[in-house]
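Read through the structure below, which is laid out as structure tokens, and then see the notes.
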Ligand SMILES: Cc1cc2nc3c(=O)[nH]c(=O)nc-3n(C[C@H](O)[C@H](O)[C@H](O)COP(=O)(O)OP(=O)(O)OC[C@H]3O[C@@H](n4cnc5c(N)ncnc54)[C@H](O)[C@@H]3O)c2cc1C
Ligand SMILES: Cc1cc2nc3c(=O)[nH]c(=O)nc-3n(C[C@H](O)[C@H](O)[C@H](O)COP(=O)(O)OP(=O)(O)OC[C@H]3O[C@@H](n4cnc5c(N)ncnc54)[C@H](O)[C@@H]3O)c2cc1C
Ligand SMILES: Cc1cc2nc3c(=O)[nH]c(=O)nc-3n(C[C@H](O)[C@H](O)[C@H](O)COP(=O)(O)O)c2cc1C
Ligand SMILES: Cc1cc2nc3c(=O)[nH]c(=O)nc-3n(C[C@H](O)[C@H](O)[C@H](O)COP(=O)(O)O)c2cc1C
Ligand code: FES
Ligand code: FES
């Protein structure tokens, strides 16, 4: 193959390419991996959750607001039914975990982290669609630090903290996660937003509030990634509005080592497959040999090849 | 005229219609008032500012990121040259004020508030495009409270606080502004974001960071307005991505008494003139007689006609 | 690329069939105008009115930015066929359509006619909307608001036939109840707000078997019993 | 609504003139494809190649989502004319164009020809880009990269003529310096990223008279001396 090397690395894990899905935006058991270099599971909680009543999604300019409410089969069914099948996907699996208390997270991390199908654990401390729990933890630096610390002690796998952009100082929360021992960061989860029902003039979504995703939030994501990287130097899975190979390069430059796609998969499930050759072309156009050569190059003072 | 009454009220000021521009998104002396019910000035600071070096604007999906850097003629020239001419526009003038310390704000509020052309003062504590000063104040509840309190004592005019959505809890900042004695709120200023230069892979904007505006941020604006209204009951000038009469109705329902337009004026300066008849049609379609009948109707427990 | 024509109040969109699988009646496609308009970034779920002879046809109720852009676009992207279509039973059939729900029926009728007698009852809110009855079934029984389709349907029941229905939720519930009452097998083509159409977003929750299920995976065509459960 | 044709590597977009004011050479318009694509919500600043006889024509260098959408749209919204155009001087003229900067010259040349002798020098990066020289001036002196337009221009100077230039910043600076050296009056049509085009956004900052000014208000055509100041 004459095209450049699209392999990517994060926390010592090797990926065939730097593209992953955002948690909760792909069911690989239903649709396959679409050419992505890894699969991230929907956030799993201790107990099964039906999710919020409809309306669960509303379209907004260049994006959408969702209020799914962490619908998931619960830890037991996830470990028994899902993980064994996910292990056969042929790509690294990153398991996303949520909860309402540090001990809920810890229980889930211990169980999931012990499963051979899992390559890394992602702590969702940033879901805007549940009343309390994860989002409350992720807006507080101290709670974030403590949660990461506790979860790290439950597993030998890399532990990633997924953060919200809906905070006053995302670099401060990123720093807290780093202090707690996070091996990496995932940025960004959805941005807090709501939709108004244009007919009834009431909040449209069944869950009340919601989370904004899609191309609309791309500049917010780049901002969060850039500053989290500058503050911590940790490897980052960057996401939020990625819709093209060009976007992917910008996210790498801002400091992402892997790049996630969510909402744009809904609009175009063939996107990752089409992005990869274009990504190869762009990498070469920027004079780089590998994906890693581009990671963080937008930072004036950081080495462009900082390794985890 | 058989169409419904489009008059609007805020803090005892009467407006011919509920549409205003966002601060910094219209130069009425160059382009007129475009049919808006009031004119909001670009933020004025004590000393003249040239603004940031270019690139100052970057397009993003359904929006833009700007880093103008509060370019303005400074307080003296503003009071001497601009205000007298603004007084002849024939619509109420709301003067936006910014600064790097409470005393800078206070000085400007006292001078501007004494000018007969001004109907209300807006405190910009939320500009993302300057290193320190206003944005730092507006992310801290205590500083916001103190600033509003100080400025209120400098003028008899209504004092409005313009807030940023890039905080962990916008309702808490809104509450602080209310405690400081704000007569009303303006929500939202731009959302923190950056753009990466696709050719050089460095931050694109001359000022480094920037602020995201346009339809992309509409769900974030509705969220902030809804929660600020619920927390304070204060009258609100709502803005952030408004691009149609339908959007305007949603902002009224979320709790705005006046509705601001910024970025969409750039794309379509004829928008306010076209929106007004359509707004009249929608008001009637929702069974309302006046604009005020729709203010806050998305809130289950708030009276829909709360007056300032 | 796309041919567009009015069918009364609705709009027929005919796309060139690129030779891929076009699925079966009741399945759906995610359509998006390209370049994607700011006001309609997500695709729209639409069932084919028919497929074959080199074309893929959709009957659209143009409501908002997404469907309008589809009728104005030079290029439309198509993902599908998706979901589960109708389960074609042997013997006579009764087709029930309400409003734009009729869009899904022309292709279904062509297939079912090979299996037995087909009767069609359609309800519309105005004569302009009823124009499309002609492309579903020239012999259809058509009622206009405020008459409900359940009225002519009730006159056909009981029957040794399978009922296939598509229309607003309220209509589907009434049809399901009527069929249950007469013990007639019934399949419903349902609707829900869909972001992806392939099980990824969990947005299309509908109540099936007493719990929230993804309509794009379990349906859009489901046994009426699952809704009543 | 819009007619589109290739002119070598560039694209000519001809819109029906709705009868409004079409302004003067050097002024510009804000154009947007409707419905607005997600990737190009803001309009694009474009100078008219010519106006009159019921049409408004633009020569486009299709670079990104915005210009591409303009050439694919069924409807284009137009705001303008905006800004300050060329100040047409009496006597002979020299037109200087670099790349797509040539787009602004056809109309200017037609006007200036009524006032005196017009000579045109154009520079392009490839023969395909140079094709448009034909619609600017069939007698133009054309150079291709790496030759710079300042080379043929230098041979025409000094001259008792006014120089009108449009092209990349680097070219404009060189032209301005050359004209200053020979004391020849020179007007530059400049570019900047513009969100609004009517003085509202303060985005189009350029250095004029030693400070940041709004190009859309002060220009896009400015006296060369203001840039050198
Ligand atoms: C399986 C399936 C098959 C279908 N087949 C057909 C068919 O054959 N023909 C046909 O015409 N239609 C069909 N539909 C319906 C079609 O998908 C919708 O009518 C279409 O999505 C409407 O898009 P729009 O842009 O025109 O309307 P809009 O209503 O403007 O856009 C829909 C979007 O607006 C949002 N929205 C909807 N209501 C509100 C509200 N009250 N307040 C705020 N936001 C709101 C939703 O988030 C949705 O994303 C089908 C639907 C499904 C699920
Ligand atoms: C007064 C005036 C007259 C003009 N006349 C003409 C004319 O007659 N013909 C013509 O073809 N052009 C003309 N232009 C230039 C034209 O406006 C631009 O080429 C056009 O805006 C490009 O739009 P695009 O969508 O094709 O390209 P893009 O480059 O995709 O879009 C431009 C947008 O992308 C952003 N952007 C630009 N560069 C970068 C970067 N490196 N990284 C990230 N973002 C970036 C900017 O924010 C801008 O909003 C004129 C410009 C001005 C100011
Ligand atoms: C429908 C939907 C469901 C999501 N569910 C989850 C989830 O369960 N856990 C999580 O951490 N993030 C979840 N996310 C957030 C995405 O993983 C991602 O962070 C976000 O959508 C931004 O990326 P995008 O703009 O590419 O969609 C969800 C997003 C969407 C749109
Ligand atoms: C180019 C630009 C300049 C702005 N300048 C100011 C300013 O000087 N003061 C201020 O309070 N807000 C400023 N804003 C924010 C707007 O007033 C408004 O709050 C924001 O853009 C959201 O509205 P919109 O999405 O309709 O543009 C500016 C916004 C833009 C796009
Ligand atoms: S539409 Fe996305 S899961 Fe069904
Ligand atoms: S383009 Fe907006 S001020 Fe010039």
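Chains as they are written, first to last, in this note's numbering: chain B, 1 to 308; chain H, 309 to 616; chain E, 617 to 845; chain A, 846 to 1074.
Beta carbons: idealized from backbone N, C-alpha and C, even for Gly.
Model, not experiment: these values are computed from the prediction.
- Under the three-state reduction of DSSP output, residue 670 (chain E) falls in the coil class, being neither helix nor strand.
- For residue 215 (chain B), the C-beta contacts it makes with chain A under 7 Å involve 883, in order along the chain.
- A:868 is the residue among A:868, A:1064, A:917 whose C-alpha sits nearest the C-alpha of residue 896 (chain A).
- Of all residues in the segment 814–835 of chain E, those with a C-beta nearer than 7 Å to a C-beta of chain B are 814, 815, 816, 817, 818, 819, 821, 827, 828, 833, reading in chain order.
- Residues of the segment 351–376 of chain H with a Cβ closer than 7 Å to any Cβ of chain E, in chain order: 370.
- Here residue 579 (chain H) is near residue 573 (chain H), since their CB atoms are less than 8 Å apart.
- If you measure from each CB to the nearest heavy atom of ligand 6, the residues under 7 Å come out as H:574, A:1039, A:1040, A:1041, A:1042, A:1043, A:1044, A:1045, A:1046, A:1047, A:1048, A:1049, A:1059, A:1060, A:1061, A:1062.
- Checking the 7 Å criterion, the Cβ of residue 471 (chain H) is out of range of every heavy atom belonging to ligand 2.
- If you compare the alpha carbons of B:259, B:210, B:288 with that of residue 22 (chain B), the shortest gap goes to B:259.
- Any Cβ of chain H closer than 8 Å to the Cβ of residue 1009 (chain A) would place that residue at the interface, and such an atom is absent.
- Taken from the Cβ of residue 11 (chain B), every heavy atom of ligand 3 lies 7 Å or farther away.
- If you compare the alpha carbons of E:659, E:785, E:833 with that of residue 60 (chain B), the shortest gap goes to E:659.
- Per DSSP, residue 1056 (chain A) is not a residue of any alpha helix (DSSP H); the beta strand (DSSP E) it occupies stretches across 1056–1059.
- Counted as a single uninterrupted DSSP element, the beta strand (DSSP E) harbouring residue 926 (chain A) occupies residues 920–927.
- Remark: C-beta atoms of residue 724 (chain E) and residue 702 (chain E) approach each other more closely than 8 Å.
- Closer than 8 Å to the CB of residue 39 (chain B) there is not a single CB belonging to chain H.
- Distances between the C-beta of residue 207 (chain B) and the heavy atoms of ligand 1 are all 7 Å or more.
- Its chain contains 739, 765, 783, 784, 787 as the residues whose beta carbon lies nearer than 7 Å to that of residue 714 (chain E), once the 5 sequence neighbours on both sides are disregarded; these appear in chain order.
- Contact check for residue 52 (chain B) against residue 213 (chain B) fails: the beta carbons are separated by 8 Å or more.
- When DSSP reads this structure, residue 42 (chain B) sits in no beta bridge, so it has no partner.
- Membership of residue 979 (chain A) in the alpha helix (DSSP H) is indicated by the continuous run 978–981.
- Taking a Cβ-Cβ cut-off of 7 Å, the neighbours of residue 333 (chain H) in chain A comprise 1045, 1046, given in sequence order.
- For residue 147 (chain B), the uninterrupted alpha helix (DSSP H) segment begins and ends at 141–152.
- The count of Cβ pairs closer than 8 Å, one atom from the segment 1034–1049 of chain A and one from the segment 902–910 of chain A, stays below three, leaving the stretches out of contact.
- In this structure, residue 124 (chain B) has its beta carbon at no less than 7 Å from each heavy atom of ligand 4.
- DSSP places residue 740 (chain E) within a strand segment (E or B) once states are collapsed to three.
- Listed along chain A are 924, 1043, each with a C-beta nearer than 7 Å to that of residue 577 (chain H).
- Between residue 1069 (chain A) and residue 1033 (chain A), the C-beta spacing is below 8 Å.
- For the segment 242–270 of chain B, the residues whose beta carbon sits under 8 Å from a beta carbon of chain E are, in order, 263, 265, 266, 267, 268, 269, 270.
- Within chain A, the residues placing a beta-carbon under 8 Å from that of residue 379 (chain H) are 1047, 1050, 1057, ordered along the chain.
- The distance from the Cβ of residue 664 (chain E) to that of residue 673 (chain E) is about 7 Å, consistent with a contact at the 8 Å cut-off.
- Against chain E, the CB of residue 30 (chain B) has a partner CB under 8 Å away; the residue lies at that interface.
- In the displayed model, residue 814 (chain E) falls within coil according to three-state DSSP, outside both helix and strand.
- Distances from the alpha-carbon of residue 720 (chain E) to those of E:801, E:781, E:635 put E:781 closest.
- The beta-bridge partner set that DSSP reports for residue 521 (chain H) consists of H:372.
- Bridge pairing for residue 266 (chain B): absent [DSSP].
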